[in-house]
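S.K.: Its first residue numbered 1, the sequence shown is counted upward by one per residue in the UniProt record's numbering. Got a structure here, written out as structure tokens. Questions coming.
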Amino acid sequence: MTVPEPRQETAAGPYGIEHLLAESREKLARVDPQEAFEIQRDGGVIIDIRPEADRLAHGEIPGALTVERIVLEWRLDPAGPHRLTGLHPQRPVVLVCNEGYASSLAAAQAQELGLTRATDLAGGFHAWKQAGLPTTAPVA
Numbered sequence: 001m002t003v004p005e006p007r008q009e010t011a012a013g014p015y016g017i018e019h020l021l022a023e024s025r026e027k028l029a030r031v032d033p034q035e036a037f038e039i040q041r042d043g044g045v046i047i048d049i050r051p052e053a054d055r056l057a058h059g060e061i062p063g064a065l066t067v068e069r070i071v072l073e074w075r076l077d078p079a080g081p082h083r084l085t086g087l088h089p090q091r092p093v094v095l096v097c098n099e100g101y102a103s104s105l106a107a108a109q110a111q112e113l114g115l116t117r118a119t120d121l122a123g124g125f126h127a128w129k130q131a132g133l134p135t136t137a138p139v140a
């Protein structure tokens, strides 16, 4: 088996994380903390993809589902055997990370899986907390 040569292109082209992030965000109608709170209040789902250590250290959004990033696609696939119950294409889903970067990538992936109303929280959990919205107390 022959291993392909590494690409010589730079991040200036259609490669790199900044390009991927911008491309992902073009697909999203990102929400601010108050909008995310209202979506949850109205029956939408908030999914916290932060690592457990961050959730323990900084608290959580009450009522949010927690899904580690490593299994996220399997839990978000509305047709998959490992999916979260209650997810379907018409249900709003807001993904949350620490600052709103990983959640943008995850929300775009969720849309590709069929959750057409998936988006993310601009500014992440930190923005939610700064907005004075409810959080659980940190454990650590």
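All C-beta atoms in this analysis are idealised placements derived from N, C-alpha and C, irrespective of residue type, glycine included. Note that this is a predicted model, so its numbers are computed, not measured.
With 16 as the cutoff for other CB atoms within 10 Å, does Val139 come out buried or exposed?
M.R.: Per the 10 Å Cβ criterion, exposed.
S.K.: What's the C-alpha gap between Gln111 and Arg25?
M.R.: Answer to the nearest angstrom: the Cα atoms are 11 Å apart.
S.K.: Could you check whether the segment 97-109 touches the segment 67-76, counting it as contact only if at least three pairs of C-beta atoms, one from each stretch, sit closer than 8 Å?
M.R.: They touch, by the three-pair rule.
S.K.: Near Leu65, what residues of its chain come up, given a Cβ to Cβ distance below 8 Å and the 5 sequence neighbours on each side ignored?
M.R.: So the list reads Val45, Ile46, Ile47, Asp48, Leu84, once near-sequence residues are dropped.
S.K.: Relative to the C-alpha of Gly124, which residue among Glu60, Gly43, Pro92 is closest?
M.R.: Per the Cα distances, Glu60.
S.K.: With a floor of 4 residues, list each alpha helix (DSSP H) that falls wholly inside the UniProt domain "Rhodanese" (40-137), ordered by position along the chain.
M.R.: 52-58, 72-76, 102-113, 124-130, all fully within the UniProt domain "Rhodanese" (40-137).
S.K.: So, under 8 Å CB-CB, Val93 and Arg55 are touching, yes? Tell me the CB distance rounded to an integer number of Å.
M.R.: Not a contact, Cβ separation roughly 18 Å.
S.K.: For Pro62 versus Ala127, is the C-beta distance shorter than 8 Å?
M.R.: No. Outside cutoff.
S.K.: Does the Cβ-Cβ distance between Pro78 and Leu115 come in under 8 Å?
M.R.: Cβ distance < 8 Å, so Pro78 and Leu115 count as in contact.
S.K.: What residue range is occupied by the uninterrupted alpha helix (DSSP H) comprising Ala22?
M.R.: Per DSSP, Ala22 belongs to the alpha helix (DSSP H) from 17-26.
S.K.: I believe Phe37 touches Leu133 by the beta-carbon criterion, under 8 Å. Please report the beta-carbon distance rounded to the nearest angstrom.
M.R.: With 8 Å as the limit, Phe37 and Leu133 qualify as a contact, their Cβ atoms being about 5 Å apart.
S.K.: If you check the beta carbons only, do residue 161 and Val96 fall under 8 Å apart?
M.R.: In the structure as shown, the chain starts at 1 and stops at 140, and residue 161 therefore has no counterpart that could be examined.
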